[in-house]
Amino acid sequence: AIESFARSLYPPTDDSKLAKKASDAFIPALTSVTRLLGEGASSWIDSNSDDNNNSSYDVRDVECQLFSSAALCIYRLVTVLKARCIPHLPSIVTPLLAALKSINIFIGSTTDQADTTGKFLQL
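Taking my numbering, the leading residue of the sequence shown gets 4, the next gets one more, and so forth.
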């Protein structure tokens, strides 16, 4: 849905004025979703590091889905904005790498690794 929405608002054109206008609308969206990605990654990493709280799997699933959705939105915005998103890349890559590191540690520390891996791949 995001992809078709972005395509309809961001015309594939060589007209630099139209591209500038469209990117002016998408840069604030990228900033907001990037902030959501960072906050989601922090929250998700915190809940993954709490090994004693087994009752929070539903919360982890929701945080994982929110993080994944934000990452997909950012993917599409980066695809549309191309070089205009370069200043935002550090704030995008940092939470992605932190979340990847956290999930690798979490999956590696579980006793039923195959089931956990399948569950996270499903999300």
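Just so it is clear, CB atoms sit at the ideal spot from N, CA and C, and this is done for glycine as well.
Legend entry - Top-ranked residue by Cα proximity to Leu92, from Leu103, Trp47 and Leu80: Per the Cα distances, Leu80.
Inset, instruction - Please report the Cβ distance between Thr37 and Ile89, rounded to the nearest whole angstrom; I am assuming they are in contact, meaning their Cβ atoms lie under 8 Å. - result: In this structure Thr37 does not touch Ile89 by the C-beta definition: roughly 13 Å separates them, more than the 8 Å allowed.
Legend entry - Rounded separation between Pro98 and Asp64 - CA only: Going from the Cα of Pro98 to the Cα of Asp64 covers about 17 Å.
Inset, instruction - Use the C-beta contact count for Gly111: other C-beta atoms within 10 angstroms, 16 or more gives buried, fewer gives exposed. - result: Burial is judged here by how many other beta carbons sit within 10 angstroms of a residue's own beta carbon; Gly111 has fewer than 16 and is exposed.
Inset, instruction - Could you tell me the distance, in whole angstroms, from the CA atom of Lys24 to the CA atom of Ile108? - result: Rounded to the nearest angstrom, the gap between the Cα atoms of Lys24 and Ile108 is 43 Å.
Inset, instruction - Buried or exposed for Ala28, please, with buried defined as at least 16 other CB atoms from any protein chain shown within 10 angstroms of its CB. - result: So Ala28 ends up on the exposed side.
Inset, instruction - Return yes when the Cβ of Gly41 is within less than 7 Å of the Cβ of Leu69, no when it is not. - result: For the 7 Å CB-CB criterion, Leu69 and Gly41 do not form a contact.
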